[in-house]
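Visitor: In the working numbering, the protein residues as written are 2 to 237.
Even glycine gets a Cβ: it sits at the ideal position worked out from N, Cα and C.
Given the structure is predicted, the values throughout are model-derived calculations rather than measurements.
The structure is given below, and queries will be raised subsequently.
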Amino acid sequence: MWDKLYKKSNCYWGLTPSEKLVQYLSLIPKGKILDIGAGEGRNALFLAKHGFEVLCLDVSKVAAEKCKKLAKKLNVSVEYEVRDIREFSSKLCKFSGIICNGVLPFMKKSQSKKVIEKIKEWLVPKGLIFIVVFTTEDPLYKTYLEEGLKETENDTFLDPKIGDYFCFFQKGELRKSFSNYNIIHYAEKYFLDKYHGKPHYHGMARIVAKKQNKSDSRLLTAGMTTYSVIPVQTGI
Ligand SMILES: C[S@@+](CC[C@H](N)C(=O)[O-])C[C@H]1O[C@@H](n2cnc3c(N)ncnc32)[C@H](O)[C@@H]1O
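So this is what it looks like as structure tokens:
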């Protein structure tokens with residue numbers, strides 16, 4: 002499914018990095034960054050341009066090739082592995098930042114929870130995570146329910162048209178998964194996505210958070226939670 006999509010256009014998600022990643026760039030400690038489901042690399046290339054060593058993972062070979070070409074053009078380097086995050090292990094390497102933008106929706110909920118546990122394990126103390134998921138406010142979730150599609154497990158549907166799983170997070174669920182982190186930013190939004198394909202709505206949750214030192218038990222920032230219908234001006 003992903004290779005087909007990436008063959009369709011020059012740069013499907015565009016080249017603009019995620020707004021909140023740009024905003025919180027300076028909070029990422031020096032070191033290596035893992036971009037899970039990096040796609041054509043809009044975030045990875047931005048991070049590489051800012052001096053980070055970046056490892057991209059994605060199931061799409063086409064996306065990997067496009068990202069490597071773009072890296073050459075921009076005169077930056079990124080490492081890219083065509084791998085499924087569910088089968089990836091990183092015993093030897095820890096990361097100072099882990100990006101996972103819009104990837105967890107495309108698997109079973111139980112698998113996305115396992116990936117979250119891996120992310121926590123792979124992150125260094127004071128490392129930064131940036132994660133975006135779909136929520137049960139997403140129109141697709143409602144469509145599945147209206148069509149009478151049965152959940153294969155909690156908040157997970159096997160889409161018969163695509164032949165793949167979609168999962169959705171409940172309100173506050175992503176934030177709760179990182180309750181022992183310092184939450185820098187947390188938002189849940191229903192928004193008009195005009196950045197790829199036909200304009201369409203999404204329900205999404207986004208978190209930017211820092212892993213605490215073991216000795217640091219304080220939660221520094223509460224972060225703001227929004228839940229509103231707004232056409233945002235920038236993509237996720
Ligand atoms: C919505 S796109 C987001 C791309 C990129 N993160 C961005 O923000 O531009 C989701 C990406 O996740 C990748 N992906 C989906 N399932 C994956 C998996 N199990 N392991 C690794 N990558 C996956 C897809 O190939 C696709 O590139």
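1) Relative to ligand 1, is the shortest distance from any of its heavy atoms to the C-beta of K39 smaller than 7 Å?
2) Out of curiosity, what's the CA-to-CA distance linking F96 and W123?
3) Closer than 7 Å by C-beta to D59: which residues in its own chain qualify, once you throw out the five before and the five after it? Chain order, please.
4) For L46 and C12, what's the separation of their Cα atoms in angstroms?
5) Which word fits M108, buried or exposed, when buried means at least 16 other C-beta atoms lie within 10 angstroms of its C-beta?
6) How about G98 and V133: do their beta carbons lie closer than 8 Å?
7) Which ranges would you report for the beta strand (DSSP E) in the stretch 115-190 if only whole runs of at least 3 residues count?
8) My guess is that E80 and V55 are in contact by the Cβ rule of under 8 Å, so how many angstroms apart are they, rounded?
9) Measuring straight from C-alpha to C-alpha, what distance separates K73 and H51?
10) Can you say whether H201 is buried or exposed, counting buried as having 16 or more other CB atoms within 10 angstroms of its CB?
11) Please confirm whether any heavy atom of ligand 1 lies closer than 7 Å to the CB of N11.
12) Identify whether A39 lies in helix, strand or coil by the three-state DSSP scheme.
13) So the candidates are Y142, E148 and Y7; which of them puts its Cα closest to the Cα of T157?
14) Which of the three DSSP states, helix, strand or coil, is assigned to Y81?
15) Within its chain, find whatever has a CB closer than 6 Å to the CB of C101; leave out the 5 residues flanking it on each side and keep chain order.
Guide: Taking the structure as given:
1) According to the sequence displayed, residue 39 carries Ala and not Lys. Yes - ligand 1 has a heavy atom lying nearer than 7 Å to the Cβ of A39.
2) It is roughly 6 Å from the alpha-carbon of F96 to the alpha-carbon of W123.
3) Counting only residues of its own chain and dropping the five nearest sequence neighbours on each side, D59 has a CB closer than 7 Å to the CB of G38, A39, G40, A65 and V83.
4) L46 and C12 have their alpha carbons spaced roughly 13 Å apart.
5) With 16 or more Cβ atoms within 10 Å of its Cβ, M108 is classed as buried.
6) No, they are not a contact pair.
7) Counting only runs of at least 3 residues, the stretch 115-190 fully encloses the following beta strand (DSSP E) elements, listed from N- to C-terminal order: 124-135, 152-154, 157-160 and 165-168.
8) Correct: roughly 7 Å between the Cβ atoms.
9) If you take the alpha carbons of K73 and H51, they lie about 15 Å apart.
10) So H201 ends up on the exposed side.
11) Outside the cutoff, so no.
12) Note: A39 maps to coil in three-state DSSP.
13) Comparing Cα positions, the closest option is Y142.
14) Strand at Y81.
15) Within the same chain, and ignoring the five residues on either side of C101 in sequence, the residues whose Cβ sits closer than 6 Å to its Cβ are I37 and I132.
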